[in-house]
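Notes for the one structure printed next.
Numbering (the numbering used here), first residue to last: 3 to 284.
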């Protein structure tokens, strides 16, 4: 017995739709796989840059804030400035020039204290310097104690090059300075700290012989400044003598771009699975 044929209209349209859907599924599957491969390859961009390591000195700035620093006329251009006003300005400029050095700050009068531990942050140092004032550590001068305090500060560091710049305009006050000069010098020699003493004012206003002895026995150089211009030049000389040796190193910064192919792969494969389940595949 011959069965009647069943006629399906628009069969071509069904076949066309099925074929189109298959191409989409095939594209999603292979696009997801290719993007996953790109992700595993981890595309990366190299950007060269110069690395400047902190390979400078460790420096202790030891500043006299005793009452004698209130004398005026040290700077001819600014007669109303005290010696300490001038010192603060010059020291601030010196700090800005020593960008690769680990610098600490010691302040002394009749006693001494660490105003700032060793730091590379010039902004913090200059802020502290700007807030210092005459008499902050008493009105007398404990020079030997200040040297010992500076050595203690540098003792905390790890650099092989340790420098102390001592600035004073007076003599050590008898009965106030509790540490003998010999002990302070021995401490500096033991820790290999080179001291650069600077006496400011007229030659008879500070103990030049003591400053020369401190410099000679510690390996530094003693200076004297009668005005602001000379003091500025002295700091420039010390800057040249103890110039940091910085070795620049070329390096590369790597930027990875795996996130985008990973995201595209995830979206493509999720869409593929969704369409596959919607069409009734197991």
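Even glycine gets a Cβ: it sits at the ideal position worked out from N, Cα and C.
Under the three-state DSSP convention, the category residue i falls into
i: residue 122; result: coil
i: residue 58; result: coil
i: residue 138; result: coil
i: residue 83; result: coil
i: residue 73; result: coil
i: residue 223; result: coil
i: residue 48; result: strand
i: residue 241; result: helix
i: residue 229; result: coil
i: residue 258; result: strand
i: residue 104; result: strand
i: residue 94; result: helix
i: residue 113; result: coil
i: residue 17; result: Any reading at residue 17 must be qualified, since the residue scores a pLDDT of 47, below 50, and its modelled position is unreliable; no value is offered.
Alpha-carbon to alpha-carbon, residue j and residue i
i: residue 157; j: residue 170; result: 22 Å
i: residue 271; j: residue 31; result: 6 Å
i: residue 273; j: residue 28; result: 12 Å
i: residue 212; j: residue 123; result: 33 Å
i: residue 263; j: residue 25; result: 21 Å
i: residue 210; j: residue 196; result: 17 Å
i: residue 251; j: residue 49; result: Below a pLDDT of 50, predicted positions are generally treated as unreliable, and residue 251, at 49, falls in that range; the measurement from the model is reported next regardless. So the two alpha carbons sit approximately 14 Å from each other.
i: residue 265; j: residue 280; result: 23 Å
i: residue 208; j: residue 145; result: 11 Å
i: residue 120; j: residue 159; result: 8 Å
i: residue 90; j: residue 109; result: 12 Å
i: residue 92; j: residue 231; result: 10 Å
i: residue 107; j: residue 143; result: 17 Å
i: residue 38; j: residue 269; result: 11 Å
i: residue 161; j: residue 245; result: 14 Å
i: residue 238; j: residue 167; result: 12 Å
i: residue 233; j: residue 44; result: 59 Å
i: residue 154; j: residue 261; result: 52 Å
i: residue 214; j: residue 222; result: 9 Å
i: residue 66; j: residue 135; result: 10 Å
i: residue 163; j: residue 186; result: 19 Å
i: residue 95; j: residue 76; result: 18 Å
i: residue 78; j: residue 88; result: 11 Å
i: residue 141; j: residue 68; result: 4 Å
Residue i, buried or exposed, once every other Cβ within 10 Å from all chains shown has been counted against 16
i: residue 58; result: buried
i: residue 46; result: exposed
i: residue 258; result: exposed
i: residue 2; result: The question about residue 2 has no answer here: the residues shown for the chain are numbered 3 through 284.
i: residue 125; result: exposed
i: residue 179; result: buried
i: residue 42; result: exposed
i: residue 204; result: exposed
i: residue 105; result: buried
i: residue 220; result: buried
i: residue 139; result: buried
i: residue 240; result: buried
i: residue 359; result: No answer is possible for residue 359: it lies beyond the span of the chain, which begins at 3 and ends at 284.
i: residue 64; result: buried
i: residue 276; result: exposed
i: residue 177; result: exposed
i: residue 235; result: exposed
i: residue 218; result: exposed
i: residue 242; result: exposed
Neighbour flag for residue i against chain C, beta carbons, 8 Å
i: residue 41; result: The question asks about chain C, but that chain is absent: this structure has only one protein chain.
For this session: May I have a chain-ordered list of the alpha helix (DSSP H) segments no shorter than 4 residues that lie completely inside the region 142-214?
Result: 145-157 and 183-192
For this session: Please confirm if the region 221-232 is in contact with the region 188-206, defined as three or more CB-CB distances below 8 Å between the two stretches.
Result: yes
For this session: Inspect the CB distances between the region 109-125 and the region 77-86 and report whether three or more fall short of 8 Å.
Result: no
Exercise. Does the region 168-182 touch the region 121-138, meaning 3 or more C-beta pairs lie closer than 8 Å?
Worked result: no
For this session: Say whether the region 139-151 touches the region 176-191, bearing in mind that this needs 3 or more beta-carbon pairs closer than 8 Å, one atom from each stretch.
Result: yes
For this session: Spell out a yes or no on whether the region 93-104 and the region 72-79 are touching, meaning 3 or more CB-CB pairs, one atom from each, closer than 8 Å.
Result: no
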